[in-house]
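Residue numbers (the numbering used here): 54 to 375.
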């Protein structure tokens, strides 16, 4: 697989998004008998719930106040051109306006931190903190293509299985079950058919939110899944992104910037653990007409009295099977 060398302020109710149609094409969703990759973590190991918080902006990715990079307008213009050409769902440009961290950070959303650095001080899913919870997951990756093929987001030969079970810091129970893989239809995204193995994304790659540093990914998937809360089905078509990557959290749970990568072994959050798995359930529902903003119906109450509208779960002691 070729290695590529080269999110308006975000509120607690608006984060990443992906994909559009909710139905997978059976003709392109067949699986091999055995997966190309399995990543998993059994119960009893370290898991974190990540709450909303601010994010420092990497100068490598976002430039400076005088010379900003990874702004919204060029991506928005590209999306509009692709809609006009019939290559992108018509709802995408408005979605990028509502949820810019999918592809960049608008200049007006940036402020200066205490040390002179640029920050996005509105709530994002990428703060330097997390709270210990209980959980487990198993993901199976079936990688058939190394590029995003033409057609609707659900039309891909790639497929995956994913089941994750976990709690939140207030003791509520959750289960996330993947229904099918999709190719997120956003300008610049290259997801290798919705299942990516042994490649890089995020950071300045153009694929995934640039608020995460560029990471070497053992396995990543994008899809639509079902969310269960306290034993009840709460959402049937929520957007899901899972990736098993090199470690990007330090010993004190700081989320690395792109220029900090790769972290040295003595900086890894868990000693001797060079990789971990990120599960993000996004405030977005896939529909036949296009992506629709839909907060994840969690039961976790934030200090402002509202419930957290996304889930970012970090499995810190995962294992990988080829």
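Don't be surprised by glycine CBs; every beta carbon is placed ideally from N, CA and C.
Note that the structure is predicted; figures quoted are calculated from it, not measured.
Assuming residue 125 is part of the alpha helix (DSSP H), what are its boundary residues? 125 to 137
Quick one, which of 183, 224, 108, 171 has its alpha-carbon nearest residue 100's? 183
Continuous alpha helix (DSSP H) stretch holding residue 148: start and end: 145 to 151
Thinking C-beta only, is residue 256 closer than 7 Å to residue 114? yes
Counted within 10 angstroms of its Cβ, other Cβ atoms place residue 252 as buried (16 or more) or exposed: buried
Evaluate residue 349 with the Cβ neighbour count: other Cβ atoms within 10 Å of its Cβ, from every protein chain shown; 16 or more gives buried, anything less gives exposed. buried
Closest by C-alpha distance to residue 238, when choosing among 324, 267, 276, 270: 276
Between the Cα of residue 201 and the Cα atoms of 190, 224, 235, 177, which residue gives the shortest distance? 235
Cβ neighbour criterion (16 or more within 10 Å) applied to residue 260: buried
For the region 122 to 135 against the region 217 to 225, do three or more pairs of beta-carbon atoms, one drawn from each stretch, fall closer than 8 Å, so that the two count as touching? no
Based on the DSSP output, what are the partners of residue 278 in its beta bridges? 231, 291
Using the Cα positions of residue 267 and residue 93, report the straight-line distance between them to the nearest angstrom. 22 Å
Does DSSP put residue 326 in a helix, a strand or coil? coil
For the alpha helix (DSSP H) that contains residue 158, what are its first and last residues? No alpha helix (DSSP H) contains residue 158, which DSSP labels as neither H nor E.
Considering only their Cβ atoms, is the gap separating residue 165 from residue 110 smaller than 7 Å? no
Beta-carbon separation of residue 225 and residue 96 under 7 Å? no
For the alpha helix (DSSP H) that contains residue 258, what are its first and last residues? No alpha helix (DSSP H) contains residue 258, which DSSP labels as neither H nor E.
Can you give me the start and stop residues for the alpha helix (DSSP H) that residue 115 sits inside? 112 to 115
Inter-residue Cα distance where the pair is residue 195 and residue 279: 20 Å
Could you tell me the alpha carbon to alpha carbon distance between residue 319 and residue 303, rounded to whole angstroms? 9 Å
Spatial distance of residue 135 from residue 297 (CA atoms): 31 Å
For the putative contact between residue 363 and residue 107, defined by C-beta atoms under 8 Å, what is the C-beta separation to the nearest angstrom? The Cβ separation is near 15 Å, so there is no contact.
Per DSSP, residue 109 forms a beta bridge with which residues? 172
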